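For what it's worth, the numbering used here labels the leading residue of the sequence shown as 89, then goes sequentially. Shown next, in structure tokens, is the structure this report addresses.
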Amino acid sequence: MALLRKINQVLLFLLIVTLCVILYKKVHKGTVPKNDTDDESETPEELEEEIPVVICAAAGRMGATMAAINSIYSNTDANILFYVVGLRNTLTRIRKWIEHSKLREINFKIVEFNPMVLKGKIRPDSPRPELLQPLNFVRFYLPLLIHQHEKVIYLDDDVIVQGDIQELYDTTLALGHAAAFSDDCDLPSAQDINRLVGLQNTYMGYLDYRKKAIKDLGISPSTCSFNPGVIVANMTEWKHQRITKQLEKWMQKNVEENLYSSSLGGGVATSPMLIVFHGKYSTINPLWHIRHLVTYSGQNQIN
């Protein structure tokens, strides 16, 4: 019996040792570092910077908007996020335009603009009624429509981009500037003046200098104007400086005093921006906004 007891003890000892070896191997295996392939498969790819581009899609100009979007998309490898802004009754149509064309591959969001924000802020007597369309004022309200971006590009719908939009996005804004525009002081030649009536390049073409409120600004009427059809905007500065509120203030003053709606330039949307941003904006390379050709292009044009 003593011998049998010793044999059982030895067998039990061997069984315990075997179990310990098995457990050790399992634990050791779980602590072995993963190979390079495993590391690479779990390492998230570096996210590419997103370039937000805001463009409006009016009911009667849908084709122009799509042409502008296509020109941007076709000439860049950058990661573009298009914010296509429309009125409520056009949102479904906008989506169909995009999804039933090759533009279905773009990254886009459709944003509704509520024209009620303009109530009481626009005079109905502009010599160019088409400029009173609500979407012309979307650029005033960029921070209310676009929330998660620090820097935003706004483009009018009558553009054809011939360069890489990344170059425009890389425009440097000076400290404290909420936006960058392209100056255009090239006045048309005398023989072209009649043909280009309304295309003014100085403040006199947009503001009524007979009005006291305009005179009190202290801005020379010969000051070079800019065209806000192409904007690179800093959303943080825009909100900090309450740019939208400033623009609305001048819209309201125009309703009360008719400061610019009857001007030769008819700048219903341009005029308040000229006032608010006077002396407080950075400049865009003028090749990105060739006004009289109705073309926007980068330095390396693609014909």
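Idealized CB from N, CA, C, for every residue including glycine. None of these values were measured; they are calculated from a predicted model.
What does the alpha-carbon distance come out to for the pair residue i and residue j?
{"i": "V226", "j": "A262", "result": "24 Å"}
{"i": "L179", "j": "T153", "result": "13 Å"}
{"i": "Q297", "j": "S310", "result": "Position check: residue 297 holds Tyr in this sequence, whereas Gln was assumed. Computed Cα separation, rounded: 11 Å."}
{"i": "V172", "j": "E138", "result": "15 Å"}
{"i": "L191", "j": "E255", "result": "22 Å"}
{"i": "N346", "j": "S308", "result": "19 Å"}
{"i": "T358", "j": "Y291", "result": "10 Å"}
{"i": "D304", "j": "G367", "result": "16 Å"}
{"i": "V247", "j": "I372", "result": "16 Å"}
{"i": "I144", "j": "K299", "result": "The question names Ile, but residue 144 is Cys in the sequence shown. Those two C-alpha atoms are separated by around 33 Å."}
{"i": "D258", "j": "Q250", "result": "16 Å"}
{"i": "W185", "j": "G306", "result": "47 Å"}
{"i": "I168", "j": "I157", "result": "10 Å"}
{"i": "Q340", "j": "G151", "result": "33 Å"}
{"i": "S189", "j": "E344", "result": "46 Å"}
Answer yes or no: does any C-beta atom of chain B fall closer than 7 Å to that of residue i?
{"i": "T290", "result": "Note that chain B does not occur in the displayed structure, where there is just one protein chain."}
Cβ of residue i within 7 Å of Cβ of residue j?
{"i": "F269", "j": "P231", "result": "no"}
{"i": "I198", "j": "I182", "result": "yes"}
{"i": "W338", "j": "I363", "result": "yes"}
{"i": "L220", "j": "I210", "result": "yes"}
{"i": "L335", "j": "F170", "result": "no"}
{"i": "S313", "j": "N342", "result": "no"}
{"i": "A266", "j": "Q329", "result": "yes"}
{"i": "Y348", "j": "Y294", "result": "yes"}
Provide the residue span of the beta strand (DSSP E) that contains residue i, from first to last.
{"i": "A152", "result": "A152 -> not in any beta strand (DSSP E); alpha helix (DSSP H) instead, spanning M150 to S162."}
{"i": "I139", "result": "E138 to C144"}
{"i": "A147", "result": "Careful: A147 lies outside any beta strand (DSSP E) and carries neither H nor E."}
{"i": "F269", "result": "A267 to D271"}
Following the continuous alpha helix (DSSP H) through residue i, name the residue where it begins and the one where it ends.
{"i": "I241", "result": "That residue, I241, is in no alpha helix (DSSP H); its beta strand (DSSP E) goes K239 to L243."}
{"i": "L233", "result": "L230 to L233"}
{"i": "K337", "result": "I331 to E345"}
{"i": "L362", "result": "T358 to V364"}
{"i": "I253", "result": "I253 to Y257"}
Assuming residue i contacts residue j (C-beta within less than 8 Å), just tell me the rounded distance between them.
{"i": "V141", "j": "I234", "result": "Between I234 and V141 the Cβ distance is about 10 Å, and since that is not below 8 Å, they are no contact."}
{"i": "N163", "j": "D252", "result": "6 Å"}
{"i": "F196", "j": "L175", "result": "Wrong, their Cβ atoms sit about 17 Å apart, outside the cutoff."}
{"i": "E193", "j": "G264", "result": "At roughly 39 Å, the Cβ-Cβ gap does not stay under 8 Å, so E193 and G264 are not in contact."}
{"i": "D245", "j": "A146", "result": "7 Å"}
{"i": "M323", "j": "E238", "result": "6 Å"}
In chain order, each alpha helix (DSSP H) run of at least 4 residues that lies wholly inside the segment 289–323: 300–303
Segments assigned alpha helix (DSSP H), at least 4 residues, entirely inside the segment 162–204: 179–187
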